[in-house]
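Asker: So the protein sequences, as listed, match chains A and L. Position 84, counted from 1, in the first sequence is what the numbering used here calls 84; the numbers after and before it change by one each time, with no gaps. Position 323, counted from 1, in the second sequence is what the numbering used here calls 323; the numbers after and before it change by one each time, with no gaps. Here a beta-carbon is modelled for each residue, glycine too, at the ideal position from N, C-alpha and C. Submitted below is the structure of interest, expressed as structure tokens.
Number of protein chains: 2
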Amino acid sequence: MSTPYSALETPALLVDLDRMERNLDRAARYVSAHGLSLRPHVKTHKTPWIAAAQMERGARGLTCATPREAEVMSEVADDLLVAYPTVGAARARRVAELPAGVRVTVGLDGPVAIDCLAAAAARADRPVRVLVELDLGMRRVGVATVDDAIALAQQVRRSAPLEFAGIMFYPGHVREPMAQQDEQLTAIGRSVRAAVDAFDRAGLHPEVVSGGSTPTLWRSHEIDGVTEIRPGTYVFNDRTTAAIGACSWDDCALTVLATVVSTAVPGQAVIDAGTKSLGREPLRGAEGTGFGALLDRPEVTVKQMSEEHGILDLSQTDWMPTVGSLVRVVPNHVCISVHLADTMHGMRSELVERSWTIAARSREPQPVAGGVAP
Amino acid sequence: MSTPYSALETPALLVDLDRMERNLDRAARYVSAHGLSLRPHVKTHKTPWIAAAQMERGARGLTCATPREAEVMSEVADDLLVAYPTVGAARARRVAELPAGVRVTVGLDGPVAIDCLAAAAARADRPVRVLVELDLGMRRVGVATVDDAIALAQQVRRSAPLEFAGIMFYPGHVREPMAQQDEQLTAIGRSVRAAVDAFDRAGLHPEVVSGGSTPTLWRSHEIDGVTEIRPGTYVFNDRTTAAIGACSWDDCALTVLATVVSTAVPGQAVIDAGTKSLGREPLRGAEGTGFGALLDRPEVTVKQMSEEHGILDLSQTDWMPTVGSLVRVVPNHVCISVHLADTMHGMRSELVERSWTIAARSREPQPVAGGVAP
């Protein structure tokens, strides 16, 4: 296993394991210091081995979006939150049929999702816990009023084997640089407090109040009432996370290793990582253009892309890459770059220490050990 | 096999087989009428079964970008063009080790790619044909001057077992609506003619002059000197292709089947197809916003996305979708949506006729039958 990473075929996903472990350790220390539970979202890495590393560092459980993610992660965690409305018979069934030893919780925001999940849970004869999702400004999913949320919690109570477990929200609209989040976090904190009080008055104490993202990670303790947080990106970080100050550039643990394949057009260099490797995600919450930047030369960005071509902007550098050179691109949004690949390579001191399949990337059903039979 | 498509788990890629076959037939008739060779780019479908359908309709061979695409397609075609610079030892080796019965051609634009390929071809003891790529305005890859191209062709001649076969270009910068392409096509035609004449004068007659994209597909015959075209998207078409008039809306053969999972936030509906299913590709060459539009209601677009959420813009419709409803989204750029999935489902008269793995999507090496041993 002493292959240097420079021998990998490109494009390839390369994880700096020292940096990744430092990122995981830092988050573990933070939640421990503030008495919060950490339930990392696995959408970022989709890798059981990394999820296990999060669990070993004290994560309360894992957050998943897709049935496949939950199926794969049931091998390394016995407490899973599916933070996605269980609408559709197949989605509800796959969640209800996760291995019996796994405590399953679902986050949802409407009566149809509750009905689908209740039917599947009854058929599988297993309890499923439910968090009712509130919209606290993201305007994606989640009910708009606490009264609507309480009505859903009451529906859950009437829908055995479902069990009401609490409330959740996703502060994904907070994309400001960390130092500029005061106003948004204050508003969220006020809403959370009001919701918890109203649920308590209704005799529906929310045991869990789940929130938290990577951009707001290090200020999660300022939101009074939150019991657990669900960051995903923090495991690797990315160009956006660094740009808003939620990590330093040296905390970026994942890069897309690419080869310069052409310098034929004057004034630019073309790498073999394009939209089918990097994704076409903008930099968010901060100034900046391009779809990624070089780890060692962040002034060099990927300014344009085709499916298998990325064009480096060399206007801010004296560096003149030659055909065959390797570069490491920090993507704007790491979750997308991972989803576009099949394999990741973990590297330490320039050597590939391990390579693994991104097991939860696909959407196909993963047969689960000990799963409840259909 | 009489499952209705509405029983598929979402998000899912759905191919209307009647429309796809109509698209393939139309292109076959077009090239036949104009004496052109058709070498479809498989990046769009990455599916051997569809590639075979293209070959059955008279395609001269196939175009690939990645070694994996070439390995997979070697099972259904004996004439492959790898239209990508073979820089890097692994890329050149995989191309040179394609099955011996396959005629392999590579498109490239620089001396390093020639050296890499020549070394790999010599090691594998097989001839590989080479097209020298010219930049005719795309400014991505390709040499800028005919003199540079001739110098590369001469290097190829000196690099047995490589064989000089001709020239290629990619008119990917022509994104105008079909009716507005006159000026660009005239300029390209002039450049092609000048290049062919110069190569002839240098005693390097280009047997192949390869060009052509989907946006320019139906005007390819206007570029004098072109012998073959390499469209990819035309097999399915997409929102962009329809927007520029290179197909009608009814020619869009691939949709992303999705479920409405939430209407909790007033005035919108959320579907389970986001950036991890649709990609974040803009509409190009025509007016329009959003990342896709509903097949049956093109006035409804996907206005915002998260990884697993797409938000429908309902401002231009009276339609009020309910949670659990199925929708079919025509993506802006179909090649990306295909690359994001593992499976496609072919449908006729609402019934799923066949489902297949998108075999050339991954980048992992595909063991090839009869391949030259490493």
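For A/V132, which residues from the same chain have a beta carbon less than 6 Å from its beta carbon, with the 5 sequence-adjacent residues on both sides left out?
Answerer: These residues qualify, in order along the chain: A149, L152, A153 and I167.
Asker: Helix, strand or coil for L/P381? Go by DSSP, reduced to three states.
Answerer: In the structure as shown, chain L begins at 1 and stops at 374. Residue 381 of chain L is therefore absent and cannot be evaluated.
Asker: What does the Cβ neighbour count give for L/Q366, buried or exposed, with the cut at 16 atoms within 10 Å?
Answerer: Buried.
Asker: Around the Cβ of L/H339, are there at least 16 other Cβ atoms within 10 angstroms (buried) or fewer (exposed)?
Answerer: Buried, since its Cβ has 16 or more Cβ neighbours within 10 Å.
Asker: Do the stretch 186-195 of chain L and the stretch 237-245 of chain L touch if we need at least three Cβ pairs shorter than 8 Å?
Answerer: Taking 8 Å as the limit for Cβ pairs, the verdict is that the stretch 237-245 of chain L does not touch the stretch 186-195 of chain L.
Asker: Residue range of the alpha helix (DSSP H) that L/L17 falls in?
Answerer: Per DSSP, L/L17 belongs to the alpha helix (DSSP H) from L17 to H34.
Asker: Output, in sequence order along the chain, the residues in the stretch 113-140 of chain A whose CB is closer than 9 Å to any CB in chain L.
Answerer: Those residues of the stretch 113-140 of chain A that come within reach of chain L (Cβ to Cβ, closer than 9 Å) are A113, C116, E133, D135, M138, R139 and R140.
Asker: Output yes or no for whether 8 Å exceeds the beta carbon distance between A/T66 and A/R363.
Answerer: Contact: yes.
Asker: Spell out the partners DSSP gives A/H345 in its beta bridges.
Answerer: Partner(s): A/L14 and A/S355.
Asker: Strictly under 8 Å for the Cβ-Cβ distance: is L/R190 near chain A by that measure?
Answerer: So, not an interface residue.
Asker: Between which two residues does the beta strand (DSSP E) containing L/I311 stretch?
Answerer: Where L/I311 is concerned, the enclosing beta strand (DSSP E) stretches over G310 to D313.
Asker: Is L/L340 helix, strand or coil when you go by DSSP?
Answerer: Residue state, collapsed to three classes: coil.
Asker: Taking the Cβ atom as the reference point for each residue, do L/L80 and L/L117 lie within a distance shorter than 8 Å?
Answerer: Contact flag unset, no.
Asker: L/R354 CB to nearest chain A CB: under 8 Å?
Answerer: So no, L/R354 is outside the interface.
Asker: Could you spell out where the beta strand (DSSP E) holding L/S191 opens and where it closes?
Answerer: Premise fails: L/S191 lies in the alpha helix (DSSP H), D182 to R201, not in any beta strand (DSSP E).
Asker: So is L/D109 in contact with chain A if we call contact Cβ pairs under 8 Å?
Answerer: Interface residue, yes.
Asker: Going by beta carbon distance, what residues of the same chain come within less than 6 Å of A/R22, once the five residues before and after it are set aside?
Answerer: For A/R22, where only same-chain residues beyond five positions count, there are no Cβ hits under 6 Å.
Asker: Measure the C-alpha to C-alpha separation of A/A28 and A/D147 and round it to an integer number of angstroms.
Answerer: Their backbone Cα atoms lie some 35 Å apart in a straight line.
Asker: Does L/A144 have its Cβ less than 8 Å from a Cβ in chain A?
Answerer: Interface residue, yes.
Asker: I want to know whether the stretch 284-299 of chain L touches the stretch 164-179 of chain L - three or more CB-CB distances under 8 Å.
Answerer: Yes: at least three Cβ pairs fall under 8 Å.
Asker: Would you say L/P171 and L/G232 are within 8 Å of each other, going by their C-beta atoms?
Answerer: No, the Cβ-Cβ distance between L/P171 and L/G232 is not below 8 Å.
Asker: Give a yes or no on whether 8 Å exceeds the smallest Cβ distance from L/I336 to chain A.
Answerer: Cβ-Cβ to chain A under 8 Å: yes for L/I336.
Asker: Helix, strand or coil for L/V256? Go by DSSP, reduced to three states.
Answerer: Strand at L/V256.
Asker: Should A/L314 and A/I271 be called a contact, given that it needs their Cβ atoms to be closer than 8 Å?
Answerer: Result no, Cβ atoms of A/L314 and A/I271 do not sit closer than 8 Å.
Asker: Nearest by alpha-carbon distance to L/G61: which of L/I229, L/P215, L/S2 and L/G203 is it?
Answerer: Of the candidates L/I229, L/P215, L/S2 and L/G203, the one whose C-alpha sits nearest the C-alpha of L/G61 is L/I229.
Asker: Run through the DSSP bridge pairs and tell me what L/G211 is partnered with.
Answerer: DSSP lists L/I229 as partners of L/G211.
Asker: Can you give me the Cβ contacts of A/S6 inside the same chain, cut-off strictly under 8 Å, excluding the 5 residues immediately before and after it?
Answerer: Result list for A/S6: L326 and E350, in chain order.
Asker: Tell me which same chain residues have a C-beta within less than 6 Å of the C-beta of L/A360, skipping the five on either side of it?
Answerer: Answer for L/A360: K46, R68, E69 and V72, listed in chain order.
Asker: Express the C-alpha separation of A/G267 and L/A269 in angstroms, rounding to a whole number.
Answerer: Using only the alpha carbons, I get a separation of about 45 Å.
Asker: According to DSSP, is L/T406 helix, strand or coil?
Answerer: Any question about residue 406 of chain L goes unanswered here, given that chain L covers just 1 to 374.
Asker: Taking only three categories from DSSP, how would you classify A/M138?
Answerer: It is coil, neither helix nor strand.
Asker: Between A/A12, A/V15 and A/L24, which has its C-alpha nearest A/W218's C-alpha?
Answerer: With distances taken between Cα atoms, A/W218 lies closest to A/L24.
Asker: Drop a sphere of 10 angstroms on the beta-carbon of L/E308, count the other beta-carbons inside from all chains shown, and report buried for 16 or more, exposed for fewer.
Answerer: It counts as buried.
Asker: Does the beta-carbon distance from L/G310 to L/A264 come in below 8 Å?
Answerer: No, these two residues do not count as a Cβ contact at 8 Å.
Asker: Report yes or no: is there a C-beta of chain A within less than 8 Å of the C-beta of L/T255?
Answerer: No, because no Cβ of chain A sits closer than 8 Å to the Cβ of L/T255.
Asker: Please check if any C-beta of chain A sits within less than 8 Å of the C-beta of L/I311.
Answerer: Taking Cβ atoms only, chain A reaches closer than 8 Å to L/I311, which makes this a yes.
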